[in-house]
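**Student:** Before we start, here is the structure in question, set down as structure tokens.
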Amino acid sequence: MKTQRLTMAQALVKHLAALRVEVEHLDGRTSIEPYCGGVFTIFGHGNVAGLGEALVAERDQIATYRAHNEQTMAHAAIAFAKAQFRQRIMAVSTSIGPGATNMVTAAAVAHVNRLPVLLLPGDVFATRRPDPVLQQIESFGQGDVSASDCFRPVTRYFDRLTRPEHILTALPRAIQMMTDPANCGPACLSLPQDVQAMAFDCPEDFLNPGVLRFRRPPADERELASAIALLRSARRPLIVAGGGVLYSQAWSALRTFVEAHGVPVVESHGGKSSLPWDHPLNLGAIGVDGVSWANDMARQADVVFAVGTRLQDFTTGSHALFAQAKLLSLNVQPYDAGKWSGTALVADARLGLTQLQAGLADWAADADWTALAKQQAAAANARITELTTHVPKDVLPYDAEVIGAVRDSAAELGLDSGRHLAGRAAQTLARQLAGQLPHGVWLLVHGLRSGRRPGGEDGPAGPGIHRAGR
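So the sequence shown is residues 1 to 470, counted in UniProt numbering.
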């Protein structure tokens, strides 16, 4: 086995720089892209001598972006992953102590929203020879506790690397978790500052990783049969589209299913744009902060078909909104598919919808139900058009008029035929919309979020989306 003498930090950076992933684009194309879009960092005690030196040596292979706030740069990395439909990530590196704990809130955001980000906080010396170092937490009862332990409950994978060889197993495990459609979320590799600079014989195979490809698990035949039987019994079915529709890029499959069977759709926070906003069967947002007509239809449904949604309380009205309905939940994560003791269909959203479509060729919702949904959607869209049409006057426009100006400029926003945002920089959008927005209006574009909502999340999403669009 051929090896190279490298520090742990060098091996980590070289692996990330070489790692490639097969990316599926909005138009159906696939391409091989770098899996890691770059590293956000604030250099300090704990990540300069090791990781900093390794990053500067590989600056032509992987970009480093200097940030000014740890939480902000982690939010930008999360936005990058969201705009890439979880197919690519960015890494985030900090010093030890407060530099690391400043990322904990962002880690919780990524954890709740199932979004991948690689967190690389510095840690105290593994050898403990200089203890206590600056900003080291000294636990009187636990000698192995440091600030990085705060990440354990808010990451999907956590490891503290106390030997340089640990990178050979820890990094692939973190990447495996971040690319798993069911277990996706943030990974944290806590890097003691002395271990970062320790050298070892690194296998060359580690420096030339294979291309990553995402799995699309199909539905189990027995679960599929149960799901088909439940839908066939439905007269007033309603689909709740969640973020899993977008991450699976299942919007075309959803649209085909909806139009073939006349099933109205409502959307969760994460599922916005699963269907075009003006689709005749798209009733809009559901739940506590949803719209009245969508919630009215939910109260009348006899079967609710949840696709790629966590069914959190804002969506379900704390289990009160459609308690009368039977539940079918299509989700790649069994934990989510099994909620509410409904009928679970564990599968990739796109494959699951396609399999259901094949088994429901002669089934449709009641014609009166479909007609009612179309009537509700048409009335709502007419009202929305009225509210969002800008009428010149001597005062600044209100929010709805600004939203209307952006919506009517869809061709300038990089939207595909399904009205899906393709990920452009905020400043680029502002330039493209110059002269089209009502006078005096500035536009801030950020990713729609759900789950935890820390202060200051909105602005940092822009740089992350900007990176995703490059």
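Note that beta-carbon positions come from the ideal geometry of N, C-alpha and C, so glycine has one too.
Do residue 17 and residue 208 have their C-beta atoms closer together than 8 Å?
**Tutor:** Taking 8 Å as the Cβ cut-off, residue 17 and residue 208 do not qualify as a contacting pair.
**Student:** How long is the line joining the alpha carbons of residue 149 and residue 161, rounded to whole angstroms?
**Tutor:** The straight-line gap from Cα to Cα measures roughly 13 Å.
**Student:** Give the DSSP-derived three-state secondary structure of residue 24 in the structure shown.
**Tutor:** In this structure, residue 24 counts as strand in the three-state DSSP scheme.
**Student:** For residue 259, does the three-state DSSP call read helix, strand or coil?
**Tutor:** Here residue 259 sits in helix by DSSP.
**Student:** When DSSP labels each residue in this structure, what does residue 335 get in the three-state scheme?
**Tutor:** It is helical.
**Student:** Which residues in the same chain have their Cβ closer than 6 Å to the Cβ of residue 2, if we skip the five residues on either side of it in sequence?
**Tutor:** Hits under 6 Å: 204.
**Student:** Report yes or no: do three or more beta-carbon pairs, one from the segment 304 to 314 and one from the segment 239 to 258, lie closer than 8 Å?
**Tutor:** Counting Cβ pairs under 8 Å, three or more are found: they touch.
**Student:** Report the rounded CA-to-CA distance for residue 360 versus residue 263, giving the unit in angstroms.
**Tutor:** One C-alpha to the other measures close to 12 Å.
**Student:** Does the segment 212 to 231 come close enough to the segment 171 to 183 that 3 or more CB-CB pairs lie under 8 Å?
**Tutor:** Taking 8 Å as the limit for Cβ pairs, the verdict is that the segment 212 to 231 does touch the segment 171 to 183.
**Student:** Per the DSSP calculation, residue 159 is bridged to which residue(s)?
**Tutor:** For residue 159, which the question treats as bridged, DSSP gives the partners 189.
**Student:** Comparing C-alpha positions only, which one of 79, 352 and 272 sits nearest to residue 221?
**Tutor:** The residue with the shortest Cα to Cα distance from residue 221 is 352.
**Student:** Measuring only the C-alpha atoms, how far is residue 189 from residue 61?
**Tutor:** Cα to Cα, the separation comes out at about 21 Å.
**Student:** Over the uninterrupted alpha helix (DSSP H) stretch that includes residue 224, give me the two end residues.
**Tutor:** Run containing residue 224: 221 to 232, per the alpha helix (DSSP H) assignment.
**Student:** Report yes or no: do three or more beta-carbon pairs, one from the segment 153 to 171 and one from the segment 103 to 114, lie closer than 8 Å?
**Tutor:** As far as the Cβ criterion goes, the segment 153 to 171 touches the segment 103 to 114, which means the pair count is three or higher.
**Student:** Can you tell me whether DSSP reads residue 86 as helix, strand or coil?
**Tutor:** The answer is coil: DSSP assigns residue 86 none of H, G, I, E or B.
**Student:** What are the residues that DSSP puts in a beta bridge with residue 119?
**Tutor:** DSSP output for residue 119 lists 92 and 188 as bridge partner(s).
**Student:** If you follow the alpha helix (DSSP H) that residue 218 is in, where does it begin and where does it stop?
**Tutor:** Premise fails: residue 218 is in no alpha helix (DSSP H) and is neither H nor E.
**Student:** For the putative contact between residue 283 and residue 266, defined by C-beta atoms under 8 Å, what is the C-beta separation to the nearest angstrom?
**Tutor:** That belief holds up - the Cβ atoms of residue 283 and residue 266 are roughly 5 Å apart, short of 8 Å.
**Student:** Just curious, the beta strand (DSSP E) that residue 104 is in, first and last residue?
**Tutor:** Where residue 104 is concerned, there is no enclosing beta strand (DSSP E), although the alpha helix (DSSP H) it sits in stretches over 104 to 112.
**Student:** Return the first residue and the last residue of the alpha helix (DSSP H) that residue 171 is part of.
**Tutor:** Note, residue 171: alpha helix (DSSP H), 167 to 178.
**Student:** Would you report the Cα separation of residue 192 and residue 135, rounded to the nearest angstrom?
**Tutor:** Approximately 14 Å, taken between the alpha carbons.
**Student:** So what's residue 426 in DSSP terms, helix, strand or just coil?
**Tutor:** Because the pLDDT at residue 426 is just 42, under 50, the model does not fix this residue reliably, and the value given afterwards should be weighed accordingly. DSSP places residue 426 in helix when its eight states are reduced to three.
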